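See structure below.
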Amino acid sequence: MIRISVDVMGGDFGPEVVIPGAAKALERHPDVTFLLFGQQERCLPILAQFPKLKEKSTFHHCEVSVTMDEKPSQALRRGRYVSSMWRSIEAVKSGQADVAVSAGNTGALMAMAKFCLRTMATIERPAIAAIWLTLSGESIVLDVGAGIGADAQQLLDFAVMGGAM
1 MIRISVDVMG
11 GDFGPEVVIP
21 GAAKALERHP
31 DVTFLLFGQQ
41 ERCLPILAQF
51 PKLKEKSTFH
61 HCEVSVTMDE
71 KPSQALRRGR
81 YVSSMWRSIE
91 AVKSGQADVA
101 VSAGNTGALM
111 AMAKFCLRTM
121 ATIERPAIAA
131 IWLTLSGESI
141 VLDVGAGIGA
151 DAQQLLDFAV
161 MGGAM
């Protein structure tokens with residue numbers, strides 16, 4: 001069973017899109033469970049429309065959500081430990097979830113993940129990875145966002161991380 005932690009408030013439309021998306025994922029993968037993090041007054045009425053998702057989820061109220069236009073440093077100051085984004089990442093760190101998902105502010109997500117999860121001592125900067133479906137199967141592409149260039153050591157780090165996947 002895969003446990004997915006979700007920042008329900010993330011993205012331009014938050015729970016109005018994220019909750020139906022999680023319900024669709026559950027239809028395709030019924031063995032998945034969800035930890036949903038968000039503002040209950042916005043999320044619970046929408047979650048009530050998806051009884052199967054509600055049954056396979058635990059909801060965690062968070063007062064703070066990270067906006068799409070916040071600088072990463074501002075998001076960390078305001079949302080560290082209490083935001084839906086931080087708490088969804090923290091669920092992975094604590095072992096409650098296997099993976100965290102957020103459609104939110106990419107820079108804030110990278111900053112919070114780096115502070116919460118840390119990197120290996122030899123890895124200077126984490127990379128965003130994407131799975132690309134190809135005619136011959138799946139490929140993983142690293143450094144697909146949130147970075148404005150990389151030096152030689154960081155490129156080597158990306159190769160090490162990619163090789164470990």
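Numbers 1 to 165, taken from the UniProt record's numbering, label the letters of the sequence shown in order. Cβ coordinates follow ideal geometry from the N, Cα and C atoms, glycine included. Bear in mind the structure is a predicted one, so any value in this text is a computation, not a measurement.
Using DSSP with H/G/I as helix, E/B as strand and the rest coil, what is S84? helix
Any idea if R87 is buried or exposed, counting beta-carbon neighbours within 10 angstroms, 16 or more meaning buried? buried
Under 8 Å by Cβ, that's how I've got K56 and T33 pegged, so tell me the actual separation to the nearest angstrom. K56 to T33, Cβ: 5 Å. Contact.
Distance between L26 and E41 (C-alpha atoms, nearest Å): 23 Å
As assigned by DSSP and simplified to three states, the class of A130: DSSP places A130 in strand when its eight states are reduced to three.
How far does the alpha helix (DSSP H) with residue 202 in it reach, from first residue to last? In the structure as shown, the chain begins at 1 and stops at 165. Residue 202 is therefore absent and cannot be evaluated.
Is the beta carbon of L109 closer than 9 Å to that of G10? yes
Going straight from the alpha carbon of E16 to that of K24, what length do you get? 13 Å
If I'm right that R3 touches A97 with Cβ under 8 Å, what's the distance once you round it to whole angstroms? 5 Å
Between G21, Q154, S73 and D157, which lies nearest to T106 when the distance is taken from Cα to Cα? S73
For V66 and L135, I'd like the C-alpha separation in whole angstroms. Between V66 and L135, the C-alpha separation is close to 37 Å.
Where the alpha helix (DSSP H) through E16 begins and ends: P15 to R28
L109, DSSP secondary structure in three states: Per DSSP, reduced to three states, the secondary structure at L109 is helical.
Range of the contiguous beta strand (DSSP E) that encloses E138: G137 to L142
What three-state label does DSSP hand R125 in the structure shown? Note: R125 maps to coil in three-state DSSP.
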